[in-house]
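Notes to accompany the following structure.
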Amino acid sequence: MNRSMWIGVLLAGGIAFSVPAHAGDQGAMLGNTCAGCHGLKGASAGETMPIIAGLPRDFIYTAMQEFREGTRSSTIMGRIAKGYNDTQLAAMSDFFASQKWVAAAQPADQAVLKRGEKLHLKRCEACHRDNGASQALDMQPLAGQWAGYLRIYMDTCRDTGWKNRHPNAMTVLCNDLGAEDVSALVQFYASQNK
Amino acid sequence: MFDLNRRGFLKVLGCIPLAAWGIAPRAANAAAMARVVVVGGGYGGVIAARYLKMAEPGMEVTLIERNKNYVSCPLSNEVVGGESSMEKLTFGYDNLAKQGIKVVIDSVEAIDPQGRTVRVKGGKSYPYDQCVVSPGVDFKWGNIKGYDEAASQTMPHAYKAGPQTVLLAKQIKEMKDGGTVIISAPDDPFRCPPGPYERACLIANYFKHHKPRSKVLILDTKNKFSKEGLFKQAWAQHYQGMIEWVSGDNDGAVARVDPKTMAVYTQLNTHKADVVNIIPDQQAGKIAFLAGLTDKSGWCPVDFATFESTVHKNIHVLGDSTISPMPKSAYSANSQAKVCVAAILARLRNEPLLTPALTNTCYSILAPDHGISVAHIFELKDGKLVQVPGAGGVSPMDASPAFRKLESIYAYSWFKNITTEMFG
């Protein structure tokens, strides 16, 4: 709306009321502190930092609790998550869940896609449905996520000292994957650019 | 349609009794009509300008910055150590202009808190409803005898990224093998507390591969420093015998330099070196002094709920120049800018203040594949900014090589994201 239209609206007396701050604003206040590492509103531009914009709300909320309690391993997220109570984590999660998912702008290595797809169907599709795009059951979408981040995540799943949400499943599924398998898988998800 | 400028319009609005509307006028409108001038286009100022414009596309946001391009201090130690280039650290303001932010490349000469104007060297004055000042640091040139701006051409500080960074990198590259680099580390508080020690690592890393008989001597005013345990562990691990740190109590404080003879004098000793990097003691940026925003400490007191100066109303101060328990880091400035923007919007919209959320995350690269970090989460308690108990802290001691490697990888994504948030 341009300025003269505003004035018109004002003079017509049809102006809206002052909107009090609502919970969403506090969520933005909390969520904005993450942007320095996770990108503007969670749309990460860094290839090893996960996109968190548009993730399922409960996925973010639970992941942050796990970081805080130490049931999900991390380098720095555990130290950060300890700074927030459940109410704050909920507000933060609402904020990121309400953002638009923007797939990473990354090229996929075409040569390994077939191998990646095969591996995905055999090992991953049962949970990470729809070629990794599914968010059913609060699943973190893999399709369009940064390949660099997914590679690190899978590598850490193979490291038995590293805890994740489904240590049994993820460790078993990843532990006999070679570096080339992991590459093929993450390239496949990179190619599912949605 | 009648022609009213913003100020005129606000005056008209102000003249109509609120009761005549029967309701409070939509205060958000005042925000859309407001003029905000941001002084300083770094990690604090750019985020403030950008988040204001994002929240209120109609707002007149002016960003005044002295330099045409921004050169990031974070990651500049990699240039000193020959592992990166200035191009990777340099950003232009074009995208900010595209978002409708009025970018003015000029030096600020004066801020008038009563008349609410910012005057630049070019002569023009920019009126504001709210002003944000994010001027970084300035050096206390007088603290080390013989060290002034002219001396910094021989003994670079390289603590404001730009030509000084290039000069120090060049001197190190041209130094003979077997030579010594002295780093004089400043007294607290100063920008980027791990900076001098990260620099020592990256210079030693360069020596290890190119000039293995060379050394780095850190002469320090202080007796302890940021992430000290982790640094010392890395020195022992990667740079055995190559980095020596002398604390203040052990005669580390540099009192005088002589650029002609490349001599560095402490109280009891004279050190000669091939390259001398003097990082001077610091105070708030020059603009903060010009605007009268500093107190006797040489830094700017602010209200942590809003980052408004406690000296002058309607002027907000961000980043390195503030007096705050937050480290003087890029991330702190970024985080403070967002709290400040929320407070400015709340004021203009006549809404209650939100609870401020302030964090810091800072990575240091100690060797290729060896990164460390520190995190801080702050909360406001009775007007005081305190760390949330049990949260934050530095990377663990004795972490695995894989852990250290991950943190080095994350450091680069951190840089990518924090700079894309500003300039992307």
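As given, the protein sequences belong to chains X and G, one line each in that order.
So the first sequence is numbered by this note's numbering: it starts at 1 and just counts up by one.
So the second sequence is numbered by this note's numbering: it starts at 1001 and just counts up by one.
C-beta atoms are modelled at their ideal positions from N, C-alpha and C, and glycine is treated no differently.
Could you say which of G:Arg-1404, G:Gly-1044, G:Tyr-1331, G:Phe-1415 lies nearest to Gly-1285 (chain G) if we only look at CA atoms? Looking at the Cα atoms, G:Gly-1044 is the closest of the given residues.
For Gln-1171 (chain G), which residues in the same chain have their Cβ closer than 6 Å to its Cβ, ignoring the five residues on either side in sequence? Excluding sequence neighbours, Gln-1171 (chain G) sits near Val-1275.
Short CB-CB distance (under 9 Å) between Asp-25 (chain X) and chain G: For Asp-25 (chain X), the answer is yes, since a Cβ of chain G falls inside 9 Å of its Cβ.
What does Ser-44 (chain X) touch in chain G if you count any residue whose Cβ is under 7 Å from its own? Below the 7 Å Cβ cutoff, chain G contributes Asn-1417 as neighbours of Ser-44 (chain X), in chain order.
Helix, strand or coil: which one does DSSP assign to Phe-1307 (chain G)? If DSSP states are grouped into helix, strand and coil, Phe-1307 (chain G) belongs with coil.
Please classify Lys-1173 (chain G): is it buried, with 16 or more other beta-carbons within 10 angstroms of its beta-carbon, or exposed? So Lys-1173 (chain G) counts as exposed.
Go through its chain and collect everything with a Cβ distance to Asp-1369 (chain G)'s Cβ below 8 Å, but skip five positions before and after it. The answer, listed in chain order, is Pro-1401, Arg-1404, Lys-1405, Ser-1408.
Would you say Glu-125 (chain X) lies against chain G (beta-carbon separation less than 9 Å)? No, Glu-125 (chain X) lies away from the interface with chain G (no Cβ there is under 9 Å from its Cβ).
With distances taken from CA atoms, which of G:Leu-1354, G:Thr-1359, G:Lys-1145 is nearest Gly-83 (chain X)? Per the Cα distances, G:Thr-1359.
So who's on the other strand from Tyr-88 (chain X), going by DSSP bridges? Residue identity check: residue 88 (chain X) is Gln in the sequence provided, not Tyr. Per the DSSP secondary-structure output, Gln-88 (chain X) pairs with nothing in a beta bridge.
Here's the rule: buried if 16 or more other CB atoms are within 10 angstroms of the residue's CB, otherwise exposed. What is Asp-25 (chain X)? For Asp-25 (chain X), the number of other beta carbons within 10 angstroms of its own is at least 16, and it is reported as buried.
Could you tell me which residues DSSP puts in a beta bridge with His-1376 (chain G)? Looking at the DSSP output, His-1376 (chain G) bridges to G:Asn-1360.
Below 7 Å CB to CB, which residues in the same chain sit around Tyr-61 (chain X) once its five sequence neighbours on both sides are set aside? So the qualifying residues of the chain are Leu-89, Ala-90, Ser-93.
For Gly-1022 (chain G), which residues of its own chain have a beta-carbon under 6 Å away from its beta-carbon, when the five flanking residues on both sides are left out? The pLDDT assigned to Gly-1022 (chain G) is 42, lower than 50, so where the model puts this residue is not dependable, and the model offers no usable value.
Applying the criterion that 16 or more other CB atoms from any shown protein chain within 10 Å of the CB defines a buried residue, is Asp-1138 (chain G) buried or exposed? Around the beta-carbon of Asp-1138 (chain G), 16 or more other beta-carbon atoms lie within 10 Å, marking it buried.
What is the DSSP secondary structure of Ser-74 (chain X), counted as helix, strand or coil? In this structure, Ser-74 (chain X) counts as coil in the three-state DSSP scheme.
Is the segment 1029-1049 of chain G close to the segment 1325-1339 of chain G, with three or more CB pairs under 8 Å? In short, these stretches touch, since the Cβ pair count reaches three.
In the DSSP output, which residue or residues are listed as bridge partners for Phe-1139 (chain G)? When DSSP reads this structure, Phe-1139 (chain G) sits in a beta bridge with G:Gln-1282.
Could you name each continuous beta strand (DSSP E) segment of 3 residues or more that falls completely within the segment 1174-1254 of chain G, going from the start of the chain to the end? If one requires a minimum length of 3 residues, the beta strand (DSSP E) runs lying completely within the segment 1174-1254 of chain G are 1180-1185, 1215-1220, 1243-1246, in chain order.
Tell me which residues of the segment 1274-1294 of chain G have at least one Cβ-Cβ distance to chain X shorter than 9 Å, keeping chain order. So nothing in the stretch comes that close.
Could you check how far apart the C-beta atoms of Glu-1065 (chain G) and Gly-1041 (chain G) are, in whole angstroms? I think they sit under 8 Å. Confirmed, about 3 Å.
Answer yes or no: do Gln-1387 (chain G) and Ile-1377 (chain G) have a C-beta to C-beta separation smaller than 9 Å? Yes, they are a contact pair.
Going by beta carbon distance, what residues of the same chain come within less than 6 Å of Pro-141 (chain X), once the five residues before and after it are set aside? Excluding positions up to five away in sequence, the list reads Ala-133, Gln-135.
State the Cα-Cα distance for the pair His-1157 (chain G) and Asn-1277 (chain G), rounded to the nearest angstrom. Each residue's Cα considered, the two are about 5 Å apart.
For Phe-59 (chain X) and Ala-147 (chain X), the rounded distance between their alpha carbons: Computed Cα separation, rounded: 19 Å.
Measuring CB to CB, does Ile-1218 (chain G) end up less than 9 Å from Ile-1182 (chain G)? Result yes, Cβ atoms of Ile-1218 (chain G) and Ile-1182 (chain G) sit closer than 9 Å.
Measuring alpha carbon to alpha carbon, tell me which of G:Ser-1214, G:Phe-1304, G:Ile-1323 ends up nearest Lys-1176 (chain G). Out of G:Ser-1214, G:Phe-1304, G:Ile-1323, G:Ser-1214 has the C-alpha closest to the C-alpha of Lys-1176 (chain G).
Three-state class that DSSP yields for Glu-1060 (chain G) in the structure shown: Strand at Glu-1060 (chain G).
Cutoff 7 Å; reference Ala-1411 (chain G); Cβ partners in own chain excluding five residues on either side: So the qualifying residues of the chain are Tyr-1363, Ile-1365, Gly-1371.
With DSSP as the reference, please indicate the residues paired to Lys-1384 (chain G) in a beta bridge. Note: Lys-1384 (chain G) sits in a beta bridge opposite G:Lys-1381.
Counting only C-beta atoms, is Thr-1090 (chain G) closer than 9 Å to chain X at any point? Closer than 9 Å to the CB of Thr-1090 (chain G) there is not a single CB belonging to chain X.
Where Pro-56 (chain X) falls: helix, strand or coil (DSSP): In the three-state reduction of the DSSP assignment, Pro-56 (chain X) falls in the coil class.
Please tell me whether, using a cut-off of 8 Å, the distance from the CB of Leu-1385 (chain G) to the nearest non-hydrogen atom of the ligand PLP is below it. Only the bare structure without any ligand can be found here, which leaves the ligand PLP out of the picture.
Under 8 Å: do the segment 1252-1265 of chain G and the segment 1145-1165 of chain G share three or more Cβ pairs, one atom per stretch? Contact between the segment 1252-1265 of chain G and the segment 1145-1165 of chain G is present, with at least three C-beta pairs closer than 8 Å.
Work out the CA separation of Phe-1304 (chain G) and Pro-1127 (chain G) for me, nearest whole Å. Rounded to whole angstroms, the gap between the alpha carbons of Pro-1127 (chain G) and Phe-1304 (chain G) is 25 Å.
Under the assumption that Pro-56 (chain X) contacts Ala-97 (chain X) (Cβ atoms under 8 Å), give the Cβ distance between them as a whole number of angstroms. In this structure Pro-56 (chain X) is in contact with Ala-97 (chain X), their Cβ atoms being roughly 6 Å apart against a cut-off of 8 Å.
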